[in-house]
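Each remark here refers to the structure printed beneath this line.
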Amino acid sequence: MVELVKFVYVMITLLSIVVVAKNSQVTFFYFYFLITTGNKENICFKDADCPQDICSYPFKPKCNIYGYCSC
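So the sequence shown is numbered by the working numbering: it starts at -14 and just counts up by one.
Laid out in structure tokens, this is it:
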């Protein structure tokens, strides 16, 4: 009985590691896809990477969570 409980515990642990690893690869692929496609001038990592002329006066360019500049 103890061996069965240990086996189930190990299987759950290993499966959760696989799921986490798989999700991290998907996230990396999605981030790589965002960086390599689209308008190259609007790609940013911080607010200072955004060109100043893309927004009208009251608005300032900001780097959004997807890696693109927006107003």
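Quick reminder that beta carbons are idealized off the backbone N, C-alpha and C, glycines included.
Predicted model only: the values in this text are computed from it and were never measured.
Sub-8 Å separation of residue i and residue j beta-carbons
i	j	result
residue 54	residue 44	no
residue 38	residue 48	no
Cβ-based burial, residue i [other Cβ within 10 Å; buried from 16]
i	result
residue 46	buried
Go through the stretch 20 to 56 residue by residue and report every complete run of the beta strand (DSSP E) that reaches 3 residues or more, in order.
none
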